[in-house]
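Participant: This is the structure I want to talk about, given as structure tokens.
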Amino acid sequence: MPPDRLSTRDAFNINMIDPKVLDTLDGSRSTLRAIEAVCHRGDKEIAEMVAALDNRPYILEYIISVLEEGAYVRLSKWIITGFPTSTTPNMMDTMSMRLLQRFSSSLLFAEYPSAADASPNLRVFCGKVERLFNVLEENTKGTLTGGDISPVRRKKGKATANNCRVDPLSFHSAGIAMPTTGAKIRNVYVGVLSQLQSILEHYLLVLRKPLLSEIFKSSYTKSEHLRCDTYRLLVPGILTGRDVAHISSISAQEEEIIEHRSSCYVIGRSGTGKTTTMLLKMLAIQHAWQQYPDMGSKPRQVFVTQSRVLAMKVEEYFAKLMSSLEATEYSPEELRMMEKDAEQDIDFVDQDDNKQWRLDLPERFSNLLDEHFPLFITYDRLCTMLQNDIRQGNNNDGFIIPETHVLGDEATSPTSPTSPRKSRLRARSGNTSSSDYMQQFRRSFVSYGEFLASYWDHLPQTLTRGLDPALVFGEFMGVIKGSEDTIGTKYRCLNRESYKLLSVRSQGTFSHKRDDIYDLFVAYTKLKRQRQHYDATDRTHYILKELREIGPAGRKVDFLYVDEVQDNLLIDTLILRTICANPRGLFWAGDTAQTISIGSSFRFTDLKAYQYRIEEQLSHELGLTPVEPRTFELVLNYRSHSGIVNCARSVVELIMRYWPYSIDALEPERANVNGVEPIFFAGPKDADLEKSLFGNSQGETLDLGADQCILVRNDIVKDRLQRRLRGTLIMTLYESKGLEFNDVLLYNFFEDSTANLNQWRLVLNGISDGGGLLDVLTFDETRHASICVELKFLYVAITRARNRLWIVDSSESAEPMKTYWSSKDQIEIQFSTAEIQHLATKSTPEEWSKTGRTMFFEKHYAQASVAFLRAGRTREAAICDAYLLREKARSISTTASAARRWAFITAANAFTLCARDSPSKRVNERLAYYGTAGESIGRPNSIPQLLAPIEKEDTLMRCQR
3 MPPDRLSTRD AFNINMIDPK VLDTLDGSRS TLRAIEAVCH RGDKEIAEMV AALDNRPYIL
63 EYIISVLEEG AYVRLSKWII TGFPTSTTPN MMDTMSMRLL QRFSSSLLFA EYPSAADASP
123 NLRVFCGKVE RLFNVLEENT KGTLTGGDIS PVRRKKGKAT ANNCRVDPLS FHSAGIAMPT
183 TGAKIRNVYV GVLSQLQSIL EHYLLVLRKP LLSEIFKSSY TKSEHLRCDT YRLLVPGILT
243 GRDVAHISSI SAQEEEIIEH RSSCYVIGRS GTGKTTTMLL KMLAIQHAWQ QYPDMGSKPR
303 QVFVTQSRVL AMKVEEYFAK LMSSLEATEY SPEELRMMEK DAEQDIDFVD QDDNKQWRLD
363 LPERFSNLLD EHFPLFITYD RLCTMLQNDI RQGNNNDGFI IPETHVLGDE ATSPTSPTSP
423 RKSRLRARSG NTSSSDYMQQ FRRSFVSYGE FLASYWDHLP QTLTRGLDPA LVFGEFMGVI
483 KGSEDTIGTK YRCLNRESYK LLSVRSQGTF SHKRDDIYDL FVAYTKLKRQ RQHYDATDRT
543 HYILKELREI GPAGRKVDFL YVDEVQDNLL IDTLILRTIC ANPRGLFWAG DTAQTISIGS
603 SFRFTDLKAY QYRIEEQLSH ELGLTPVEPR TFELVLNYRS HSGIVNCARS VVELIMRYWP
663 YSIDALEPER ANVNGVEPIF FAGPKDADLE KSLFGNSQGE TLDLGADQCI LVRNDIVKDR
723 LQRRLRGTLI MTLYESKGLE FNDVLLYNFF EDSTANLNQW RLVLNGISDG GGLLDVLTFD
783 ETRHASICVE LKFLYVAITR ARNRLWIVDS SESAEPMKTY WSSKDQIEIQ FSTAEIQHLA
843 TKSTPEEWSK TGRTMFFEKH YAQASVAFLR AGRTREAAIC DAYLLREKAR SISTTASAAR
903 RWAFITAANA FTLCARDSPS KRVNERLAYY GTAGESIGRP NSIPQLLAPI EKEDTLMRCQ
963 R
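If you read the sequence shown in this note's numbering, its first letter stands for residue 3, the second for the next number, and so on.
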């Protein structure tokens, strides 16, 4: 591993504190000389060194105990000088404050003999530090400021705490009278800070006692060995056949990521192990603390993703890996049985309707306790907790969504008397995220589904003609309202001129239609304001505004892990950074070649630049050098073989050649195993192709297995094929993101493409030299902008396959890509589709049932119903149909009130039947179905009547027992 140097001119580097170095006399002397040299330099060099050492337990204490006197005095002076003397928003994050907390914990842990006359009253001091910090917390919550005249209400000259927003116990336990005036508030905090500074000075003297150096050195050595060895203990109890199965053969690069001691970005294509390295790093930190809990407070680790299913799955893996450290006595068969039993215990309900999910969590972020960590949570649930803190601080039971007024005369001015009042929308903590929070349904929330159902047809048809609504909505969310430049602007969006001046290379989707897109945005904004709705960017800007003013309430987290970060808006990452106190505890993972998430306009290059500017600002306030996270690229694919990987890589090469700023440049991806090339079927034309492929003269149709899928471009094609192939999994590209299958049939991708033949011919330039024989085109950024989007779709389609990929397309638009692939020997071309009939596999009912559960929990109810019917599980298929009916009801425009209401009534009846057919022991499932039925018809109060059969049956069962 290359040395992580603090500065190019410093002799000291982080490898000098390796236990193996400190264990030798020469190594220990060399390290101390280097540290002493740093102490005699400027404040900046000392700040960098202390920040690096602060990430390791006990090493800083050991160094202070053995430094020569001059270096000790210089270091102590720097620490004391940096101690805050007045209240500021970031005073709790200053290095001096952090060191005070650190020394309190480490000195108590050392438990050296009182005979050494180190500090007879050490526990008294440590307890006092904790109580005084509780007082300071009242200031960081924003509940007490120097401008407040009185934090308590008075009645008839007497103070009362009935409506007080502070905790009087914090002051009483510290022996401080509750302040009642602005002057007294200032005096209280000046006094508290003075006491804490005195205790810090005392700690620095205590650390010089002779007996402590060996205690701290031994403790540091133990913690370092444990940190380095923890991940190697994971292998024995890992279940086979899981997504994390390749942990047993961790690569050197993955090992380096796990052991990396600072923040990092991990970029990799599908199946390269990004989530696995993240999980193991969390596990190593948690296990180290469990082995040595006296090292300090429990590390607060948070895993954040957009998908609740992914959060649940990763939490399940984490729990199994933790238990595997102590489960080596179980055989693989026993562990598999435990896994099967756990799966059967999962309630068969839409997890967004599952009110039982994470009931252990408090409603507010500030109320999180150590017992809640490590925490696996969705981004939406995290935002809900932050909103609840903000609403409490504002003494407001609804949350105000800021209006997006468009500049100029294009919308109502915010000061105009005709401007609508700000809508106050009650944020419901029970409504948590779906697989993508931009697609969830919620009262007053404009998801993509709501945009498509209730907004798209009401926008100017002359502008929307020929446009993909998903791409338009993505441009609104990801660029006009969700990009970095929108933060701090008056209206929290780009104005027309700023939008038109954006780089064509970095934002090329609508580069030639930006005036039309902005006109649509203006129309959307007006309609949204009239309906008093809000979207994801409104929520993010609202939370950011409050966090800038008062900061997050409660204790920040120590380590933050963000998976599939490309599914977030760029401005979402500022919220995530704000809740993490440790600049060296950030782990961002994702793949920008998969940015087909609605609203995504994301590159790691933008994220890194944005986060660096954030770190630069925070470090400047604290007098430190910004932490620069290291970037790791994972290029070894564990999911697909070389045939699939090489084909996908050739698509990325085209994107990088013409649109290098649209995705991040990575090393060429390679597969872990070899495999055959995808087969390109170029059979008969048009309707004959579909007949040849999906049905023969004997009336037989294609019968694919449970782990085989047909991917199509849009719902129209999907519905047409589904009527013909009722027992086959058919999905659109949007639906397939995040899923994988053994075999994938990509049907008419180029035929149904939004790009025409002349645009697709651009890819022929990718053939080496063109041979002088091909009629290639000159690249035009505006004309060929849609090809960039198409190639990203194509990449996602290819990478859904683990084993075999069949591309079926006989259109002229497919010829350029087919020629490009052929020139690189990336495909095998066949002209007879009859071969596909022989490629279909047979699946058992158990395999179909497993596929059904996967599809259900990914919210693909139509495909789940197909799978369960093939498995003979009619009850589960009926449940899927009920959820599908509710989805269809939600998709009906609100203007068609009668049809929409009837659709919801139909869905409610279906859920009621599902509840009645549920086994008696599945009480939570039945409650969920009855509850969904009541909510579907807008009568949640009718749920008690619907639940009467359950109560009656439970009474009978108790009587029988």
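All residues carry an ideal CB built from backbone N, CA and C; glycine is no exception. Please read all numbers here as calculations on a predicted model, not as lab measurements.
1. In the DSSP assignment, the alpha helix (DSSP H) including W904 goes from what residue to what residue?
2. Measuring CB atoms only, is the segment 583-590 touching the segment 550-560, in the sense that at least three cross pairs come out at less than 8 Å?
3. Would a C-beta distance cut-off of 8 Å place R728 and Q761 closer than the cut-off?
4. Mapping the DSSP letters down to three states, classify W808 as helix, strand or coil.
5. What beta strand (DSSP E) runs, 3 residues minimum, are completely inside the segment 501-582?
6. Beta-carbon within less than 7 Å of D956's beta-carbon, same chain only, minus the 5 sequence neighbours each way: which residues are those?
7. Measure the beta-carbon distance from D362 to V448 and round it to whole angstroms, keeping in mind my assumption that it falls under 8 Å.
8. My output table needs one value for G774: the three-state DSSP class, helix, strand or coil.
9. According to DSSP, is I66 part of a helix, a strand, or is it coil?
10. Leaving aside the five residues before and after E889 along the sequence, list all residues of the same chain whose C-beta is less than 7 Å from its C-beta, in chain order.
11. Would you check if the segment 825-834 and the segment 639-652 touch, i.e. whether three or more CB-CB distances between them fall below 8 Å?
12. Alpha carbon to alpha carbon, what distance is there between V316 and D883?
13. Once the 5 residues before and after E655 are set aside, which same chain residues still bring their CB inside 6 Å of it?
14. Please report the straight-line C-alpha distance between D709 and K300, rounded to a whole angstrom.
15. Candidates Y267, S265, L620 and T87: which alpha carbon is nearest Q197's?
16. Between the C-alpha atoms of L69 and N189, what's the straight-line distance to the nearest angstrom?
17. Residue range of the beta strand (DSSP E) that F859 falls in?
18. For T33 and K502, I'd like the C-alpha separation in whole angstroms.
19. Measure from the alpha carbon of Y222 to the alpha carbon of each residue in V192, Y60 and M94, then state which is nearest.
20. Counting Cβ pairs closer than 8 Å, one from the segment 629-636 and one from the segment 258-275, do we hit at least three?
21. List the residues that DSSP assigns as beta-bridge partners of W590.
22. Taking Cβ to Cβ, would you say R802 is nearer than 8 Å to L841?
23. Reducing DSSP to helix, strand and coil, say where L371 ends up.
24. Applying the criterion that 16 or more other CB atoms from any shown protein chain within 10 Å of the CB defines a buried residue, is S116 buried or exposed?
25. If you follow the alpha helix (DSSP H) that N648 is in, where does it begin and where does it stop?
26. Residues in the same chain with beta-carbon distance under 8 Å from L886, minus the five sequence neighbours each way, listed in chain order, please.
27. Do the segment 41-50 and the segment 195-209 meet, that is, are 3 or more Cβ pairs less than 8 Å apart?
28. Among all the DSSP beta bridges, which residues are the ones paired with Y749?
29. Exposed or buried, R234, counting other C-beta atoms within 10 Å across all chains shown (16 or more means buried)?
30. For a test of the three-state rule: what should DSSP assign to Q710, helix, strand or coil?
31. Would you call the CB atoms of V746 and L713 closer than 8 Å?
32. May I have the straight-line CA-CA distance separating V798 from K739, to the nearest angstrom?
33. Kindly indicate the opening and closing residues of the alpha helix (DSSP H) around M284.
34. Determine which residues share a DSSP beta bridge with N639 and list them.
35. Suppose the cutoff is 6 Å on Cβ atoms and the five residues either side in sequence are ignored; what does the same chain contact list for F453 look like?
36. Rounded to whole angstroms, what's the CA-CA distance from K22 to S220? Just pull it up for me.
Facilitator: The answer reads as follows:
1. First-last of the alpha helix (DSSP H) with W904: S899 to D919.
2. The answer is yes - the segment 550-560 touches the segment 583-590, with three or more Cβ pairs under 8 Å.
3. No. Outside cutoff.
4. If DSSP states are grouped into helix, strand and coil, W808 belongs with the strands.
5. Whole beta strand (DSSP E) segments, 3+ residues: 561-564.
6. Legend: pLDDT at D956 = 45, less than 50; position of this residue unreliable, value from coordinates given subsequently. Taken in chain order, the list of residues that qualify is empty.
7. For D362 against V448, the beta-carbon gap comes to about 31 Å, at or over 8 Å, which does not count as contact.
8. Legend: pLDDT at G774 = 46, less than 50; position of this residue unreliable, no value from coordinates given.
9. Annotated three-state conformation of I66 is helix, per DSSP.
10. Cβ neighbours of E889 beyond the five flanking positions: Y863.
11. Three or more Cβ pairs closer than 8 Å define a contact, and the segment 639-652 meets that threshold against the segment 825-834.
12. C-alpha separation (whole angstroms): 28 Å.
13. Cβ within range, chain order: n/a, list empty.
14. Taking the straight line from one Cα to the other gives about 42 Å.
15. Comparing Cα-Cα distances from Q197 to each of Y267, S265, L620 and T87, the minimum goes to T87.
16. Approximately 37 Å, taken between the alpha carbons.
17. Taken as a continuous stretch (DSSP letters only), F859 belongs to no beta strand (DSSP E), being part of the alpha helix (DSSP H) at P847 to F859.
18. Rounded to whole angstroms, the separation of the alpha carbons of K502 and T33 is 56 Å.
19. Among V192, Y60 and M94, the Cα nearest to that of Y222 belongs to Y60.
20. The segment 629-636 makes contact with the segment 258-275, as at least three CB pairs between them are under 8 Å.
21. Per DSSP, Y267 and V564.
22. Against a cut-off of 8 Å, the Cβ pair of L841 and R802 comes out as no contact.
23. Three-state result, L371: coil.
24. Since pLDDT at S116 reaches only 41, below the 50 mark, its modelled position is unreliable, and the value read off the structure follows with that caveat. With fewer than 16 neighbouring CB atoms inside 10 Å of its own CB, S116 falls in the exposed class.
25. Residues S644 to Y660.
26. Cβ within range, chain order: Y863, A864 and S867.
27. Too few Cβ pairs lie closer than 8 Å, so no.
28. Answer by DSSP bridge pairing, in chain order: V810.
29. Since pLDDT at R234 reaches only 43, below the 50 mark, its modelled position is unreliable, and no value is offered.
30. Strand.
31. In this structure, L713 lies closer than 8 Å to V746 by Cβ.
32. Whole-angstrom Cα-Cα distance: 7 Å.
33. Taken as a continuous stretch (DSSP letters only), the alpha helix (DSSP H) holding M284 covers K276 to Q293.
34. Beta-bridge pairing by DSSP links N639 to A673.
35. Cβ within range, chain order: F475.
36. The straight-line gap from Cα to Cα measures roughly 12 Å.
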